[in-house]
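Colleague:
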Amino acid sequence: MAEPNADSSPDKPRVPLAIEEALAAAAIAVMGLITFANVVTRYTTNVSLAFTEEYAIVLMVVMTLLGASVAVARDHHIRIGFLIDRFGPRGRLRAELLALGVTALVFGALVVLGTLMTIDEYRFEISSPGLGVPQWLYTLWLPLLSAVVALRALGRAVRVIRRPDILRAGAGEP
Numbered sequence: 002m003a004e005p006n007a008d009s010s011p012d013k014p015r016v017p018l019a020i021e022e023a024l025a026a027a028a029i030a031v032m033g034l035i036t037f038a039n040v041v042t043r044y045t046t047n048v049s050l051a052f053t054e055e056y057a058i059v060l061m062v063v064m065t066l067l068g069a070s071v072a073v074a075r076d077h078h079i080r081i082g083f084l085i086d087r088f089g090p091r092g093r094l095r096a097e098l099l100a101l102g103v104t105a106l107v108f109g110a111l112v113v114l115g116t117l118m119t120i121d122e123y124r125f126e127i128s129s130p131g132l133g134v135p136q137w138l139y140t141l142w143l144p145l146l147s148a149v150v151a152l153r154a155l156g157r158a159v160r161v162i163r164r165p166d167i168l169r170a171g172a173g174e175p
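All letters in the sequence shown, in the order written, are residues 2 to 175 by the working numbering.
In structure tokens, the structure reads:
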């Protein structure tokens, strides 16, 4: 089934998803280049660029959180459609708001705990094992992007409350 045009959707978020999409595309492009350079170097010189793994892992975390943000905003989050699709309109509304509330709560907890971890890593001057880069530079992305996901979940909840008609059976299916 083709995805409906995002411009015609009544469920369009206020903040464009193009921001997260562009950042995720950049992250995956850089990951691909790093991996390609590592493979070429390993086969031509028999030396591995092991330090690139550190960057690739951080970019993978960034890409995952950006993807989660887009999935929540587009209503493509994981749900048990078999059960939810059998609910009436009020049941679907309650289930959707519960799912979005729990999503916002979990990512809100990641914001708080990730911030505390980032502060500790900064305060104790922890450096990364591979490159010796300050670890907090990598960890900082967890609370920042978790906040983006939590805000996207809250934004979707507001849109669902304002327009409950956007919920329909099978709405989350691609």
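Note that beta-carbon positions come from the ideal geometry of N, C-alpha and C, so glycine has one too.
Since this is a predicted model, take the numbers as computed values, not measurements.
Note down, in chain order, each residue of its chain lying with its Cβ closer than 6 Å to the Cβ of L143, except the 5 sequence neighbours on either side.
Modeller: If we look at L143 and ignore the five residues flanking it on each side, its Cβ neighbours are G115.
Colleague: Below 8 Å, how does it come out for the region 44-62 and the region 123-136: are there three or more Cβ pairs, yes or no?
Modeller: Result yes; three or more Cβ-Cβ pairs closer than 8 Å.
Colleague: Could you give the C-beta distance for A105 and A151, rounded to a whole number, given that I count them as a contact under 8 Å?
Modeller: Their Cβ separation, rounded to whole angstroms, is 5 Å, which keeps A105 and A151 in contact under 8 Å.
Colleague: How is the alpha helix (DSSP H) around V1 delimited, first residue to last?
Modeller: Outside the displayed range of the chain (2 to 175) lies residue 1, so it cannot be described from this structure.
Colleague: Under a Cβ-count criterion, where at least 16 other Cβ atoms within 10 Å of its own Cβ denotes burial, should M32 be classed as buried or exposed?
Modeller: Buried is the call here.
Colleague: Is it the case that the region 60-75 contacts the region 19-37, given that we only count it when at least three CB pairs across the two stretches are under 8 Å?
Modeller: The answer is yes - the region 60-75 touches the region 19-37, with three or more Cβ pairs under 8 Å.
Colleague: When you compare only the Cα positions, how much space is there between L94 and S49?
Modeller: C-alpha separation (whole angstroms): 52 Å.
Colleague: What first and last residue would you give for the alpha helix (DSSP H) that runs through R43?
Modeller: Counting along the chain, the alpha helix (DSSP H) containing R43 begins and ends at A19 to T46.
Colleague: Tell me which same chain residues have a C-beta within less than 6 Å of the C-beta of E21, skipping the five on either side of it?
Modeller: Same-chain partners within the cutoff: L67, S70 and V71.
Colleague: Comparing C-alpha positions only, which one of A154, T42, L111 and L18 sits nearest to G102?
Modeller: Taking only the C-alpha atoms, the option nearest G102 is A154.
Colleague: At the level of alpha carbons, what is the spacing between R157 and E97?
Modeller: So the two alpha carbons sit approximately 10 Å from each other.
Colleague: Counting only the same chain and skipping the five closest in sequence on each side, list residues whose C-beta sits under 8 Å from that of A123.
Modeller: Note that residue 123 is Tyr in the sequence shown here, rather than Ala. Cβ within range, chain order: P135 and W137.
Colleague: Within a Cβ cutoff of 6 Å, which residues of the same chain sit near I127, ignoring the five residues on either side of it in sequence?
Modeller: So the qualifying residues of the chain are Q136.
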